[in-house]
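Report on the structure given below.
2 protein chains.
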Amino acid sequence: MARRARASRDRNTAPAGAPASPFIQRRLPFFDVLDEEKLVKLEAQVDWIFEDIGIAFRDDPEALRIWREAGARIDGDIVRADAQWIRALCAKAPCEFTQLARNRERSVTIGGNNQVFAPIYGAPFVRDLKGGRRYGDMESFEKLVKLTYMHPNLHHGGFVICEPCDVPVSKRHFDMLFAHMTLSDKPHLGAITEMSRAQDSVDMAEIVFGKEVMDNNCVIMGNVNTNSPLLVDKVVTEAVRTYSARGQGMIVVPFILTGAMGPVSTAASVAQAMAEAMMVCAFTQLVRPGAPFVLGNFLSSMSLKSGAPTFGMPEPVVSNYAIGQLARRAGLPLRCGGSLTASKIEDAQAAYESADSMHSTMLAGANFVLHSAGWMEGGLCTGFEKLIMDADRLGSYQKVLSHGLDTSDEAFARDAYAEVEPGGHFLGSAHTMRNYQTAFYEPKLSDSENVESWEEGGSKNMRQRAYERWNQMLNEYQAPPLDDAVKEELSGYVARRKEEIPDAWY
Amino acid sequence: MARRARASRDRNTAPAGAPASPFIQRRLPFFDVLDEEKLVKLEAQVDWIFEDIGIAFRDDPEALRIWREAGARIDGDIVRADAQWIRALCAKAPCEFTQLARNRERSVTIGGNNQVFAPIYGAPFVRDLKGGRRYGDMESFEKLVKLTYMHPNLHHGGFVICEPCDVPVSKRHFDMLFAHMTLSDKPHLGAITEMSRAQDSVDMAEIVFGKEVMDNNCVIMGNVNTNSPLLVDKVVTEAVRTYSARGQGMIVVPFILTGAMGPVSTAASVAQAMAEAMMVCAFTQLVRPGAPFVLGNFLSSMSLKSGAPTFGMPEPVVSNYAIGQLARRAGLPLRCGGSLTASKIEDAQAAYESADSMHSTMLAGANFVLHSAGWMEGGLCTGFEKLIMDADRLGSYQKVLSHGLDTSDEAFARDAYAEVEPGGHFLGSAHTMRNYQTAFYEPKLSDSENVESWEEGGSKNMRQRAYERWNQMLNEYQAPPLDDAVKEELSGYVARRKEEIPDAWY
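Chains as they are written, first to last, in UniProt numbering: chain S, 1 to 506; chain D, 1 to 506.
Dropping the structure here:
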């Protein structure tokens, strides 16, 4: 209690690294766009995929063995099953669960009314105002981990904030895990690209949390894509057989570029995504009943001119609202959306698209939002300024969600009307004095001065202010405390495993 | 029918001036954020203002006479009245009504499930990429009227797209009206700053539409602000006694900078705005029962550092959702929100703030959205590129609202699943061929190419693309047809009245 009270008091002085809140507890109602008839139609399509179309589980005989023994119908590598049975298996996954952070004050609850924001994942390039666009490297990665740790509006560290392309593919997961575990104390994800890398992630998490804590809690999660359409490869099933088997979380995300990996229709693509993710959810529950699971969705639209994916467009906006409702009906935590854009730079396009994408993500009730900050260029590039600009806007969404509309007696301010004449002003009223300090979200990067003051300040655009801010944050960075013995054991593990594994660059 | 069919067919070839649709008929459900208990509390506060606090009607003895004769309680210039009576008067205003355009294919229906987008109103400055920031003038005004006329995502011309500061204040309404009436055939607003100017607007509209059409239809509207808090001056009541008396529309908008013109609380400010606007609505119905009325709301948050208004922030976002619900309960068409920002330039701040402001405006069900495009610098400046960038995004909102999620059999694409293997793609499927051309909103200004193609194209940011687009549009502009006799009569009216009135610059 004492520690929580201090964290809360610290909010106004905003020390580096102190989150405004470890995650969002939503008070705003959900936005339900579909009526019962549409919901039933969508669910019927999902069930039709389970029963008639099926989903291929490829390159992992153990996965097919698990399905066969459980009673699914196997035809080659296509798995079909009774829809009611799949839904019953999914119902074994928790509606909400907590992922512990090594600093327990930063643990996040995922599912239900809770919403958690995490940064971009997987970009091979980085970009900043002075350094320009370049391949990601470990130096950039560490800076991005520090910034994510320090930013009060990011609740979760994510994992591959950029690809550290200067480290061999076969070994970079060690350095990424070590960075998250030592430079930050927020929760984070682990590797999934290969089964041994997933196992390394789980093993290193056990060093940090200890066996007993890990036996009884989710402390790390893996985030994987299905190979849409309707294909689940061994990257997915091996990650499940590592993370889920150990009681750790799995986030399973069909990435559907509508018209390519799914039909050129939002309804069909949303249903297909539900079917793919729920089929893997059922698989996780065969591997370990009760293992934490997050139903993922990543649906993008397409440019007719080039076939390139587009973001922040009306079709994915509507799909966010629809999938939110379907996930709640299925009782599964949801990952969808993010601050997504196709723009190459930090211009108005980037911001319009990111805001529309994220606004719908927020209202849809997405419980875990990867890519909530830093995404550029269709996900190919992590922007340092973009990370800080997006994260500044996340504070606004956080306030919308966690406050809604206060209708307490104090909010109605009846005493103020006794003080103020018609045409007068409330600036000095007692009610204003009592409430002004907490009345408004104070963004760090929006300039609301008049044009003269703004010009006197150097006519800086938002990107320039963001550049200054992230540099200032890094100057003020202080590593969170970590037990020396734990740090040594992590270092030892990394050194030993790096010895055992040959360098590989693919 | 034939003309409507042609307009619809033309949509894909996008001729200048052809709107995608004359207005939005919403299929997406409304987003209701307030439960019954909160709604009742807010309405009780509104009623308390009607009955106990009252609203001052100042400087217009005729307005007080009308209230007194109708039975309101008058104390000095404060009008108080039974809440049930005020609500009964408001119920005489139509839930929805049509404003005719001189081209009837562009007439807009305001209220109910319909949403209408109009550009910025009232900025003294303009800004474009080559010309920089400068006072608005008639040349800019005419260009902005042409662009609004040509843009398919703007349904309504608004009125003061910028202030033409090179024309005396006492005469500029003539030139603005003449520009809207001759350069565009979309519906527009009229002047309100002085009673004779309102009358000129109504008289010029009568020249365009004829007396009989005007007697039986809304063909022009006035948009006025109350003097919040709780003060209605003669600008408002004289406009009502001109527009409403003639059966024309009134939009009445409390502008409340929360903490200054209202208590530092969203709930109190929303209730105050409802009370002010509904009180004027009741007044319009005393002047002429059944006169079209739009309940306005313009609520902004404040920077604690400077006291400057801020936009796109969480408090006005929530207020948009709340006022939408309250307006629907009151059965009154709503104006709120817009693409609002405090940014001085067309940077990421401008776009983030505009998008969050407009996304909530869209979902809130705002029936008439002034400032939906072109707003910069807290409303002090109309941006040429901003107008075109915002309007491009309006097309996305239009699709979200008017399409929602299609769950027809065709949308579920079951035949496509027979064609496509697991891990394959839907690009060439028969379903894709049948549907791809209408599947996605195609923005004009978003670049989704890869970084190499984008660099080859000159690495242009969105603002540069917008600059090229509005210049191209102006090159392609063709005035809509207008009867010579009408144009002559308008010119004659303007010439005669300009003779009668002395130049005045305030």
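Beta carbons are placed, not taken as given, at the ideal position from N, Cα and C, and that holds for glycine.
- Collapsing the DSSP output to three states places residue 126 (chain D) in a strand.
- With distances taken between CA atoms, residue 24 (chain S) lies nearest to S:398 out of S:454, S:398 and S:458.
- Within the same chain, 170 and 171 come within 7 angstroms of residue 501 (chain S) by CB-CB distance, once the 5 residues on both sides are set aside.
- Residue 145 (chain S) is not a Cβ neighbour of residue 107 (chain S), given a cutoff of 7 angstroms.
- Here residue 22 (chain D) carries a coil assignment [DSSP, helix/strand/coil].
- Residue 253 (chain S) and residue 293 (chain S) have their C-alpha atoms some 11 angstroms from each other.
- Taking 7 angstroms as the cut-off, the Cβ atoms of residue 222 (chain D) and residue 239 (chain D) count as close.
- Within the stretch 422-450 of chain S, contact with chain D at the beta-carbon level (separation under 8 angstroms) is assigned to 422, 423, 424, 425, 426, 427, 429, 431, 432, 435, 436, 437, 439, 440, 441, 442, 443, 445, 446, 447, 448, 449 and 450.
- Residue-level contact by beta carbon fails for residue 149 (chain D) and chain S, as no gap is shorter than 7 angstroms.
- In the DSSP assignment, residue 478 (chain D) falls outside any beta strand (DSSP E), carrying neither H nor E.
- Across the structure, residue 475 (chain D) and residue 468 (chain D) are spaced so that their CA atoms are roughly 11 angstroms apart.
- Interface flag for residue 282 (chain S) against chain D is unset, since no Cβ pair is found closer than 7 angstroms.
- Close CB contacts of residue 284 (chain D) within its chain, under the 6 angstroms cut and outside five residues either way in sequence, are with 240, 244, 250, 291 and 293 (chain order).
- Contact between the stretch 352-366 of chain D and the stretch 349-357 of chain S is present: three or more C-beta pairs spanning the two stretches fall below 8 angstroms.
- Within the same chain, and ignoring the five residues on either side of residue 142 (chain D) in sequence, the residues whose Cβ sits closer than 7 angstroms to its Cβ are 179 and 183.
- Here the stretch 187-199 of chain S makes no contact with the stretch 398-411 of chain S; the two share fewer than three CB pairs at distances below 8 angstroms.
- When C-beta distances to chain S are compared with 7 angstroms, the residues of the stretch 409-421 of chain D below that value are 411, 412, 413, 416, 417 and 420, in chain order.
- Against chain S, the beta carbon of residue 266 (chain D) has neighbours under 8 angstroms at 405, 406 and 411, listed in chain order.
- Scanning chain S for C-beta atoms nearer than 7 angstroms to the C-beta of residue 461 (chain D) yields 345 and 347, reported in chain order.
- The beta carbon of residue 419 (chain S) is closer than 6 angstroms to those of 429 in its chain, skipping five residues each way along the sequence.
- Per DSSP, residue 73 (chain S) is not a residue of any alpha helix (DSSP H); the beta strand (DSSP E) it occupies stretches across 73-75.
- With respect to residue 448 (chain S), residue 310 (chain D) sits close: the two C-beta atoms are nearer than 7 angstroms.
- Between residue 138 (chain D) and residue 167 (chain D), the CB-CB gap stays under 7 angstroms.
- Separation of the CB atoms of residue 118 (chain S) and residue 372 (chain S) is rounded to 6 angstroms, and the pair is thereby assigned contact status at 8 angstroms.
- Here residue 75 (chain S) is exposed, its C-beta having fewer than 16 other C-beta atoms within 10 Å.
- Counting along the chain, no beta strand (DSSP E) covers residue 445 (chain D), and no H or E run does either.
- Listed in chain order, the non-local C-beta contacts of residue 110 (chain S) below 7 angstroms within the same chain comprise 96, 97, 99, 116, 294, 333, 367 and 368, local neighbours out to five positions each way being set aside.
- At a cut-off of 7 angstroms between beta-carbon atoms, residue 329 (chain S) makes no contact with chain D.
- Straight through space, the alpha carbons of residue 150 (chain D) and residue 127 (chain D) are spaced by roughly 19 angstroms.
- Taking C-beta atoms under 8 angstroms as the contact rule, residue 392 (chain D) and residue 445 (chain D) qualify, at a distance of about 4 angstroms.
- In the structure shown, the three-state DSSP call for residue 256 (chain D) is strand.
- By the C-beta criterion, the stretch 316-331 of chain D is judged not to be in contact with the stretch 60-77 of chain D, since fewer than 3 inter-stretch pairs fall below 8 angstroms.
- Counting along the chain, the unbroken beta strand (DSSP E) around residue 298 (chain S) starts and ends at 293-302.
- Here the alpha carbon of residue 87 (chain D) sits roughly 12 angstroms from the alpha carbon of residue 276 (chain D).
- By the criterion of a C-beta distance shorter than 8 angstroms, residue 122 (chain S) is surrounded in its chain by 160, 163 and 379, once the five residues flanking it on both sides are discounted.
- At least one CB atom of chain D sits nearer than 7 angstroms to the CB of residue 301 (chain S).
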